[in-house]
Structure formats: C-alpha cells, structure tokens
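Just below is one structure, and these are the notes that go with it.
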C-alpha cells in the first residue's frame, strides 16, 4: 500500500551472532538447546565453545530445568528454541524453576506468530506473550527487527532475573538503524505524530510505519512507537501518547487476548482512557500457508492498522 | 560394605530421631503438611547433612559447596529441620512452618532460608535442576557434588525421565539421585496407581549406576553415598526402600499421613515413641 521498500534480515542470524559475541565477552554465558540449535543459530556459539553449549534433545522441560540449575550456580543461561516449545510446552517448569526463584535464565524463541506459515497452527505460537507476561519476575521482549534482536541479547545478559524474548521465523523488515539503542522497559519513537498513536511490537512495527505513511494522505499525523518490551511496560510513553494524540491503535503478531495490546490497554484505562483498537491475531488457531496470505487473512496488515486508526480518530472526535 | 564407626552410626541415628520429632511438632503446629513423606526420607537427609554434604551455614553461598535439591518439595519439613539443626536457621523458627509471614513456606522457596537451593512443589523438576548445577560445577572445575532426592511418585513424571536420559549422556559422575521408595503416593500404593517396578532396572537401562538399599539402615545409606562418590563416568541412582511414616508405629505405611498433620493425641504418642526427653 506504500512505496516503502524494506531491507529484510534474519532475526535468527542476528540472534546467533549476538550470542556468540556475548559468549566471547563473558565466559559465564552458557546455552541450552533442544534439538533446534542449528535453526536458532546457537550452533555458532557451540562451535566456538563446545563445552558451554548443551543440546539436550527434544526435552524442553529438561532444557529449562537445566538452564535454571546452571543459573543457580552463577551462569547466565540462555535457553533457545521455538516459541511454542519454549513457553507453552514448559510453562510450569519456567514458573517454578525459573521465575519463582528469579534466576538468570534468558529464554529466546524464534517461530513466534502466524508468520511461521506452512508449518501450520501447531507451530504458530500466538499465546506466548500472554503466558510469559503473566509470570511474576519475568521480563518480556518483542524486538521489531534483526538488529534489535541482537540488542535484546546484550540487554538480557545485563538484566538481573529471567527474561523472555520472541521473534519471527522468516526474514523481517529492518526498521531500526545501527545508532539505535535498546533498553529493557523503554519504548522508542520511530516517528512522531499528534493525531493518533500506532503502538507496535515485532514485525508489526514496520507495518505501523507503512500505515502512518498512508494516513499522511488522509491528513492524519500518526505517531509510531516500537513497544519492544511488553514487560516491564514503558508506562510514561503510553501516557504521553494517550495525552498527546487521544487515540491509540496497538498492533502485534499475537492473539488479541492478553498480549501487548492488552497490557497497553490496562495502562490507558488506568491513567488516561482514550479510544483504542487492537490489531492482532483473532482468538483462533491459524493454518498452513505463506506468511503474507495468512497475515492478510487474519488482518495483521498495514491497511488494517490504518483502518483502525481512522476509526479511533473518529471515535475521539474533535 | 565399609566398616563405619559405631559411634558415628549411633550419633546419626540419634540425630534422625531428633529431626523426626521436629517434623511431627512442626506439622502439628501448622495443622497441615506432609509428615509421612518427611519421615520416610529422614534417615537419608540426616546422613547427607550430618555426614556427607560439604556445606557451611556460615557461608551458605560458598560456590564450591555441595548442593542438595529436595525435588519432592512436600517433604519441606524435614529439610527445614535438618537445616535448623545444621545451623542455617534458628531451631525455634521451625514452629512457624506454613504460617503467615514465615520464611518456612509450605514448599521450599529458594532465597528464603539460606541453604535452600531450589524451589520445589510441582513434582519432577529437581533432577533437571541438579543436572544444571552439576554441569556448572564441571565447567568451574569445582569439587561440588550434587544430590537430588526424589519421591518415588516423581517417577511418574515425564521430566524425570528426560533428566534421567540426559545425566548419563553428559557423564555427570558428580550427580547422585536418591529415590525415596516408600511405595505410597497421594492416592495409594505406587504399584496400584501407576506401577514403577522394576524401578532399579529402569534406571540401569538409562545407564545410571544403580544401588538398592534399605533407606533406614544408616550404614547402608553411608555406604551407598560413598559408592556414588567413587563411581566415575556416570551418575548414581540410589533406590532407597523406605517406609512412609517411618519411626512412628501408627503412621507407618498409612496413606492418610501423606498429607495430614498429627492431632494432639497422636503427637503425644509419636513423641513418646521417638524418645522425646521428659
């Protein structure tokens, strides 16, 4: 719908390289995988540090438990696999062995969201943000592009306590620039605007930018925020957006139930109620297909964001 | 079997009686808790804390300490009793078990009382945690040994077998699993609920060095722990045949005492049987 031509890059590639660099800088970093180390690119780390990577097979509960034990002995333990296996498959192990004792286990998962595509609903994880943000002590990150994914690795290593970070399977548009920084708990403003705030995370941030451009043509000046941390939430930036624009649309590649949009809505309702719309996966399972067709079918597009923006601007009035 | 000093054995047996009395008083005061499964592993925990484990209450976070993980978290009372008698917390505090504001949570919480290494309660998570600790010790070239105590019911849990498969693969000879084989779980005999036998053979098939002992015979417990320490190249599983409610005649093998505390009268009788000083 717009003329933007994005450069696309692999979040997994950047993740793997960042883990390797982190491992070089910090000998206390270890990685636990579950038969997905090639796919997650943690194999790069394993090649250089074979004694610090543990591939324990298709046993995700054991992966998380081992990571917790390593962390309890002072290691920074990165556990990495696909989002459905790294969260839903092992929820109570994360809850009891990681979150409750607040250990330095850093869970990184690819294959989040509907854009996983042909593998179908079993692998399209649209409930992981909901699960993870519900856990006390857990920080939750959803980087918007490949370079930001690398930054989350360094931020997670410096963060005291457990973290969860989810990203996509396929190459994604690069939105941030090399000068941009990432801080857990801080959203960034991609584009300023005063008529409506488009708050996105993950692959939907690029679509928010596209929507903002198309809204220009309608005379609507849209602000775009990259809400790359879902927990702890950047409350200040949300309040400011509500105050400045009076109309908010959230966009995420996750169920509209209990994801980033829900988190934002709670803050908006609490502090400065304004009209809101929520772009995301409807409350249902996905299906096989190519990513673009699926995102189109389930309404996770720039056009849907723009449509939602028009709606909230109209509701706000004035 | 090694010839252990009779004085050592007698002192450990006396300590075990003291810890059993604590368990009964604590659960009686709390009016809830799990005395049966605490009493079945009392002798094992006594041997660990008062003979085998290299831990120091003055430096509970000392990196090279041995690690003990109580995977069967419902036996928290006996862990707290042992930690108290070892000097990790005041003995008087034991009577706050499960009460509002107490550090002694119904199931162990890491970070409350020093010496508690893991959170436990949901069954079957401890062995994985122990593997992580054992791997960290190996990376750090630390002499740390890791001991994980599992209830026999935890052999129902899939994660236990994920861990059982991994530990020998990783050649973790600094890891010992001890299975409190009391034969009873919440709803009845293990063999009726979900049969486990032949249990030692299962652990052996998973490439563990398996040792079967009488889990109430202090000499056999010490001997098995020594044998585990001497076993190289693979982890050791000690399958300890025990009696739920051991040491109190009317509690032994009674399913009811899995999860209910003794009444006033039962406490009085139990303490008398366990040689409570007048």
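Protein chains in written order, with our numbering: chain G, 31 to 348; chain B, 990 to 1267. The beta carbon of each residue, even a glycine, is placed where N, CA and C say it ideally should be.
Asked: Taking the alpha-carbon of residue 1298 (chain B) as reference, which of B:1040, B:1254, B:1195, B:1145 has the nearest alpha-carbon?; Found: Because chain B is modelled from 990 through 1267, residue 1298 (chain B) falls outside the range shown and cannot be assessed.
Asked: When you compare the CB positions of residue 1152 (chain B) and residue 1124 (chain B), do they come within less than 8 Å of one another, or not?; Found: no
Asked: Determine the contact status of residue 144 (chain G) and residue 324 (chain G), defining contact as a CB-CB distance below 8 Å.; Found: yes
Asked: For residue 48 (chain G), which option in G:84, G:177, G:232, G:196 has the closest C-alpha, if you only look at C-alpha atoms?; Found: G:177
Asked: Measure the Cβ-Cβ separation of residue 138 (chain G) and residue 108 (chain G) and say whether it is below 8 Å.; Found: yes
Asked: Name the chain B residues whose beta carbon is nearer than 7 Å to that of residue 186 (chain G)?; Found: Residues of chain B passing the Cβ test: none, with the nearest at roughly 18 Å.
Asked: Residues of chain B with a CB under 8 Å from the CB of residue 131 (chain G): which are they?; Found: 1098, 1099, 1100, 1107, 1108
Asked: Check the C-beta distance from residue 1121 (chain B) over to residue 99 (chain G) and give it rounded, since I have them as a contact under 8 Å.; Found: 2 Å
Asked: Could you tell me which uninterrupted alpha helix (DSSP H) segments, each at least 4 residues in length, are contained entirely in the region 1185-1256 of chain B, listed from first to last along the chain?; Found: 1188-1194, 1207-1219
Asked: List the residues of chain G that residue 1128 (chain B) touches, going by C-beta distances under 8 Å, in chain order.; Found: 60, 81, 82, 105
Asked: Could you name the residues of the same chain whose beta carbon sits closer than 6 Å to that of residue 1095 (chain B), not counting the 5 residues immediately before and after it, in chain order?; Found: 1087
Asked: Nearest chain G C-beta to residue 1207 (chain B) closer than 8 Å, yes or no?; Found: no
Asked: For the region 300-308 of chain G against the region 992-1006 of chain B, do three or more pairs of beta-carbon atoms, one drawn from each stretch, fall closer than 8 Å, so that the two count as touching?; Found: no
Asked: Determine the chain B residues that contact residue 122 (chain G) at a beta-carbon separation under 9 Å, and present them in chain order.; Found: 1111, 1114
Asked: Which of the three DSSP states is assigned to residue 1095 (chain B) in this structure?; Found: coil
Asked: Please report the straight-line C-alpha distance between residue 1260 (chain B) and residue 1240 (chain B), rounded to a whole angstrom.; Found: 12 Å
Asked: Check whether chain G comes within 8 Å of residue 1065 (chain B), counting only Cβ atoms and requiring the distance to be less than that.; Found: no
Asked: Identify, in the order they occur along the chain, each residue of the same chain with its Cβ nearer than 6 Å to the Cβ of residue 61 (chain G), setting aside the five sequence neighbours on each side.; Found: 72, 75, 83, 108
Asked: Residue 1221 (chain B): which of B:1198, B:1206, B:1230 sits nearest, CA to CA?; Found: B:1198
Asked: Name the one or two DSSP bridge partners that residue 238 (chain G) has.; Found: In the DSSP output, where bridge partners are listed per residue, residue 238 (chain G) has none listed.
Asked: List, in order along the chain, the chain B residues whose C-beta lies closer than 8 Å to that of residue 258 (chain G)?; Found: Near residue 258 (chain G) there are no residues of chain B at all, since even the closest Cβ is about 29 Å away, more than 8 Å.
Asked: Since residue 1151 (chain B) meets chain G, which of its residues come closer than 7 Å, beta carbon to beta carbon?; Found: 89, 91, 92
Asked: Can you tell which of B:1013, B:1190, B:1030 has its C-alpha closest to the C-alpha of residue 1262 (chain B)?; Found: B:1013
Asked: Please tell me whether residue 1060 (chain B) has its Cβ less than 8 Å away from any Cβ of chain G.; Found: no
Asked: Which whole-angstrom value describes the C-beta separation of residue 271 (chain G) and residue 227 (chain G), a residue pair presumed to lie in contact below a C-beta threshold of 8 Å?; Found: 4 Å
Asked: When you compare each of G:206, G:261, G:229, G:314 to residue 157 (chain G) by their alpha carbons, which one comes out closest?; Found: G:314
Asked: Should residue 217 (chain G) and residue 251 (chain G) be called a contact, given that it needs their Cβ atoms to be closer than 8 Å?; Found: no
Asked: From G:192, G:342, G:200, pick the residue whose C-alpha is nearest to that of residue 127 (chain G); which is it?; Found: G:192
Asked: Within 8 Å of any Cβ in chain B, is that where the Cβ of residue 109 (chain G) sits?; Found: no
Asked: Closer than 8 Å by beta-carbon distance: list the chain G residues that pair up with residue 1124 (chain B), in chain order.; Found: 60, 84, 96, 99, 100
Asked: Measuring CB to CB, does residue 1112 (chain B) end up less than 8 Å from residue 1061 (chain B)?; Found: yes
Asked: Between which two residues does the alpha helix (DSSP H) holding residue 1015 (chain B) run?; Found: 995-1019
Asked: 8 Å is my cut-off, CB to CB: does residue 1155 (chain B) come that close to chain G?; Found: yes
Asked: Who are the neighbours of residue 127 (chain G) on chain B, taking C-beta pairs under 8 Å?; Found: 1107, 1108, 1114, 1117, 1118
Asked: Hey, out of B:1214, B:1188, B:1011, B:1258, whose CA is closest to residue 1085 (chain B)'s CA?; Found: B:1011
Asked: My understanding is that residue 1202 (chain B) touches residue 1227 (chain B), with C-beta atoms under 8 Å, so please give their C-beta distance in whole angstroms.; Found: 6 Å
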